[in-house]
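Some notes on the structure that comes next.
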Amino acid sequence: MRIVPVLFALMLGSGLAAAPVSVRVEAPTYAGKHIRLFAYSDLFTLRTVLLAEAELDAQGNAMLSADVMGTRKAIFRVGPVGADLYLRAGTYHVRIPPPASGEALPLGGTIRVDLEFIDLPALDVNALVSDLNERLDAFVAEQLATDNNAGMNEVAKVRAGKVKPTADSARAPAQIFTGPQWAPARTDTFAQKLRKFYADVHDTWFQSDVEYGLAGLYLGPRNDDRKLFERYLKDKPVLYDVPEYVRFFNGFYEGYMMRFGYAKAPDSFAAFLRSANTDSLKTMLARNDFLRAPEVNELVLINGLYAEHGNKQLDPRGVLAVLQYVQAHSVFPENRTLAANMVADLTAMQPGQPLPSLRLRTVDGTAEDLSALPAGPVCIFITTPRCTYCEQELAALGQQVKEYGEYVQFVGILAKGENTDMSAWLAEHPDAMGLTWYSPTRTDELLEELRLVSVPAVYLVTDNILLASPGPLPSQGLTNVLFSIKAKADEERRIKPDRGMPPPKR
């Protein structure tokens with residue numbers, strides 16, 4: 170087993186010292202596989218940091234150890250599944266079940282399964298959070314069922330002219346739809362009962378999770394935002410590591426940067442963003458009294474920029490520059506960590522970045538590294554077995570290999586399943602014969618390093634530098650890119666017929 174130290178930034182914001190945690194894992198379905206334990210660096214971007222990893226033995230058992238501070242949300246990844254849990258100092262014994270039968274398997278690590286805890290104390294944080302989530306979900310489901318009838322009754326009253334629709338807090342114009350608010354008395358009664366039920370649980374972190382789980386029930390267009398702000402946010406600390414707080418915070422401040430920053434003065438906001446004038450952007454937001462607390466103001470700004478980074482109204486270089494400024498200069502450590510994670514997410518696998526290192530194997534089993542590709546333009550095509558759409562794109566790519574193979578090197582990566590023989594797969598796919606094929610040593614590593622979310626995928630590289638990430642698929646514009654590479658190469662050959670080589674001696 171190999172232990173990877175946790176980044177110190179992961180542990181900021183807690184007054185406790187780091188303490189060891191050990192997790193005994195039983196996963197007979199995945200015997201012999203590699204298992205990794207990650208912690209969420211923050212609950213806004215959900216970026217993960219590796220805590221520990223190990224190889225499951227022949228019976229599917231392993232022991233993983235790490236150091237954690239306070240309460241950390243974490244995730245196991247093994248084979249095609251992932252399983253969430255909360256870590257505190259101590260020892261855990263868990264079993265990872267197989268995915269449900271008949272469920273389509275993705276590339277890896279994306280099917281969520283529920284961990285089975287063995288000999289878990291009733292007041293362990295995992296048991297408490299699971300119980301809380303079940304009670305909140307049950308209340309929401311019950312209210313949705315009863316509000317179905319209430320909604321139809323409300324529509325009938327409006328149509329009959331017996332009641333006049335009330336405006337919501339967003340002051341939206343009257344619509345043909347009407348949705349009654351959940352009865353406040355029901356929510357208040359449920360909140361009172363839930364607080365009483367957990368009153369004897371003397372756990373500050375969990376009580377915060379309960380409080381903001383209840384706060385989330387009051388979010389909605391017909392609720393008084395000021396009352397919610399004064400009750401749950403005004404003069405309150407920002408709880409970066411409490412899931413229900415983060416959910417409530419994101420819901421309450423959703424769209425605030427665009428509504429109270431950009432929309433109030435689009436030209437000024439855009440100019441400040443282009444020049445990365447972070448202080449002026451904060452000042453614009455602070456005109457709203459919900460955003461006057463410096464820590465909340467900065468958090469809403471970077472969270473809004475991160476959420477809107479693809480918005481064509483915002484300068485992408487300015488977005489990145491502001492996040493980098495906060496990463497380097499913020500007086501709030503948690504915001505620095507959060508901005509660093511946002512910058513890492515927005516810059517990873519972007520054009521102009523070097524191709525990451527990735528362990529691969531050739532058809533005959535020889536180990537190679539993806540970053541050691543030959544010089545010149547390279548087209549990387551990633552596919553997986555039993556993918557009908559991938560085969561259609563592969564057929565189109567086969568024609569492009571014949572036409573542009575002189576100018577571009579074509580590399581294929583087969584994210585194969587456990588029982589897939591690459592030689593047999595290649596024999597069944599004649600369109601794949603024009604490519605140099607590899608398979609990843611570990612599929613989960615392929616997903617993480619290349620930021621791969623779906624297949625098929627295309628990446629264009631020249632001299633180990635990314636040109637397009639991801640690039641267009643063979644049927645969706647790849648030909649145009651390959652033609653431009655060919656045209657540029659032909660132009661250089663016309664300028665230098667000898668390709669820059671000295672003439673032969675007589």
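Sequential numbering of the sequence shown, starting at 170, is according to our numbering.
Note that the Cβ used here is the ideal one computed from N, Cα and C, for glycine as well.
Keep in mind it's a predicted model, so treat the numbers as computed, not measured.
Since D288 is in the alpha helix (DSSP H), which residue starts that stretch and which ends it?
That residue, D288, is in no alpha helix (DSSP H); it is neither H nor E in DSSP.
Three or more C-beta pairs under 8 Å: does that hold for the region 282-289 against the region 219-236?
no
Continuous alpha helix (DSSP H) stretch holding P502: start and end:
502-516
For G473, which of P502, L635, L454, Y414 has the nearest alpha-carbon?
L454
CA-to-CA distance, M427 to E537, given in whole angstroms:
So the alpha carbons of these two residues sit roughly 47 Å apart.
Can you give me the C-alpha to C-alpha distance between E311 and A509, rounded to a whole angstrom?
41 Å
How is Y409 classed by DSSP in three states: helix, strand or coil?
coil
Would you call the CB atoms of Y607 and L524 closer than 8 Å?
No, these two residues do not count as a Cβ contact at 8 Å.
Helix, strand or coil at I471 [DSSP, three-state]:
helix
Please classify D410 as buried or exposed, where buried requires at least 16 neighbouring CB atoms within 10 angstroms.
buried
Would you please state the rounded distance, in angstroms, between the beta carbons of L219 and R205? I believe it to be under 8 Å.
6 Å
Looking at the structure shown, is L212 part of a helix, part of a strand, or coil, going by DSSP?
coil
In whole angstroms, give me the CA-to-CA distance for P463 and E477.
21 Å
How long is the line joining the alpha carbons of M591 and V577, rounded to whole angstroms?
23 Å
Distance, Cα to Cα, P249 vs D613?
8 Å
Taking C-beta to C-beta, are P643 and E560 nearer than 8 Å?
No. Outside cutoff.
Out of T214, G389, E413, L292, which has the shortest C-alpha to C-alpha gap to L305?
The candidate whose alpha carbon is nearest that of L305 is E413.
Beta-carbon proximity of L635 to Y573, cut-off 8 Å:
no
Applying the 10 Å Cβ sphere with the 16-neighbour rule, what's the burial state of L215?
exposed
Taking the alpha-carbon positions, what's the A544 to V415 distance?
46 Å
Output the distance between the C-alpha atoms of G239 and V194, rounded to the nearest integer angstrom.
Roughly 22 Å separates the two Cα atoms.
Top-ranked residue by Cα proximity to R443, from K451, Y425, A490, M518
A490
Take the Cβ of R241 as the centre, count every other Cβ of all protein chains shown within 10 Å, and call the residue buried at 16 or more, exposed below.
It is buried - the Cβ of R241 has at least 16 other Cβ atoms within 10 Å.
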